[in-house]
Structure formats: structure tokens, C-alpha cells
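A quick write-up on the structure given underneath.
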Amino acid sequence: MAVLEEVEKKEKKKEKRAKKSGDEELTWDNLKASFKKHYLPADIQVDTQLRIKEACMTDRADNYVNKFRVMADESEYDNQALIHIFWKRLPFNLAKKILNQPQGRPADLEGWYEVAIQYNEQYKYAKAVQKPRRFQMARDKKKRFEKKDVAVN
């Protein structure tokens, strides 16, 4: 019983000190608000707009599309501006293929996402199926060498 009374006294002292110091009570919402205030950019929308203009596709279209979708939601650009930014940051050959397809350009942003992923996957598949370039070059050299032998005799 004595231990319980000691614990209660200590808690009451802590509460009195907290009230005297004038600090607000530490809650999860207060902690999140202060974290955002000190560590996040002042204007998330402007920061995202800068990042979305600098982003470009480096390896796979589906990774680029996923990142672009997240940034597009935060940037609050309209769809036409997002389409323009999206296709400008695609690799030249992929953008050219999408713009020159027989069906015409995709009408909306989702269409651009799907077509970019589709053409990129086709390109990656075709590249994987083809024989490695070094074997093709060796075969070509062998043919040239055989032609020279025939011409000499």
C-alpha cells in the first residue's frame, strides 16, 4: 500500500510541474503537427511540382508510372499538364512510339500510363528474346572471313 501511495504522489508532482511550466500536453496530434512544421517542406505542393518536372524514366515504365502517380496526386496539376509532363520525361524512342501509334494518342492520363507500360514491356521482351549482340557480331565476322577465302581461290 505504501508503494502505491508513493507512486501516486510522484504522478501528482509530475502533473503539477507540467501545469506550471505552461507546456501543452504532448499528444500524438501535437507531435505530428510539430514534426510537419519543422521537418517537412513549407509548401508540399510546390515541392512536388518541382520534383515531378525533374523526374524521368530510367529503368522500367511501371516503376516510373507508380512514382509519377504519387507525385501527380500531390501536385494538383490538371490532367493535360500531367500528360504533357509525363510524355516529355519518357525516353525519346518510347515517346515517339506512343505518339506515332496507329490508334492515335491516348485520350487521358490513365491511357498514357497503360500504353507506356505496354510498349516498354514489349521492348524489354524483344530485347530479352533476341540473341546477345556479341554472338551476332561473331557470326557476321565468320561470314566475311568465309567470303574472302572463296574469292582468293
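Quick note on this note's numbering: the sequence shown kicks off at 176 and runs consecutively. Beta carbons are placed, not taken as given, at the ideal position from N, Cα and C, and that holds for glycine. Bear in mind that the values here come from a model prediction, so they are computed numbers and not experimental data.
Return the first residue and the last residue of the alpha helix (DSSP H) that Asp248 is part of.
-> Taking the first residue of the sequence shown as position 1, residue 248 is located at position 73. Start and end: 236-250.
Could you please give the first and the last residue of the uninterrupted alpha helix (DSSP H) stretch that includes Leu257?
-> For the purposes of this step, residue 257 is taken as residue 82 along the sequence shown, with counting starting at 1. First-last of the alpha helix (DSSP H) with Leu257: 254-263.
To the nearest angstrom, report how far apart His213 and Leu206 are at their CA atoms.
-> Taking the first residue of the sequence shown as position 1, residue 213 is located at position 38. Taking the first residue of the sequence shown as position 1, residue 206 is located at position 31. Cα to Cα, the separation comes out at about 11 angstroms.
For Glu183, collect the residues of the same chain with a Cβ closer than 7 angstroms to its Cβ; drop the 5 residues on either side in sequence, then sort them by chain order.
-> As a first step, residue 183 must be located in the sequence shown, where it is residue number 8. None.
Would you check if the segment 240-257 and the segment 265-282 touch, i.e. whether three or more CB-CB distances between them fall below 8 angstroms?
-> no
Do you know whose CA, among Leu265, Lys228, Lys187, lies nearest Ala247's CA?
-> Here residue 247 is taken as the residue at index 72 of the sequence shown, counted from 1. Among Leu265, Lys228, Lys187, the Cα nearest to that of Ala247 is on Lys228.
According to DSSP, is Thr202 helix, strand or coil?
-> By one-based count along the sequence shown, residue 202 stands at place 27. Coil.
Close-in-space but distant-in-sequence residues of the same chain around Leu257 (CB under 6 angstroms, 5 per side omitted) = As a first step, residue 257 must be located in the sequence shown, where it is residue number 82. Excluding positions up to five away in sequence, the list reads Ala247, Leu284.
From Phe210, Thr223, Glu296, pick the residue whose C-alpha is nearest to that of Val245; which is it?
-> Here residue 245 refers to the residue found at position 70 when the sequence shown is read from its first residue. Of Phe210, Thr223, Glu296, the residue nearest in Cα terms is Thr223.
Can you tell me which of Phe267, Asp204, Lys299 puts its alpha carbon nearest to the alpha carbon of Cys231?
-> On the sequence shown, position 56 is the one that residue 231 refers to. For the residues Phe267, Asp204, Lys299, the minimum Cα distance to Cys231 belongs to Phe267.
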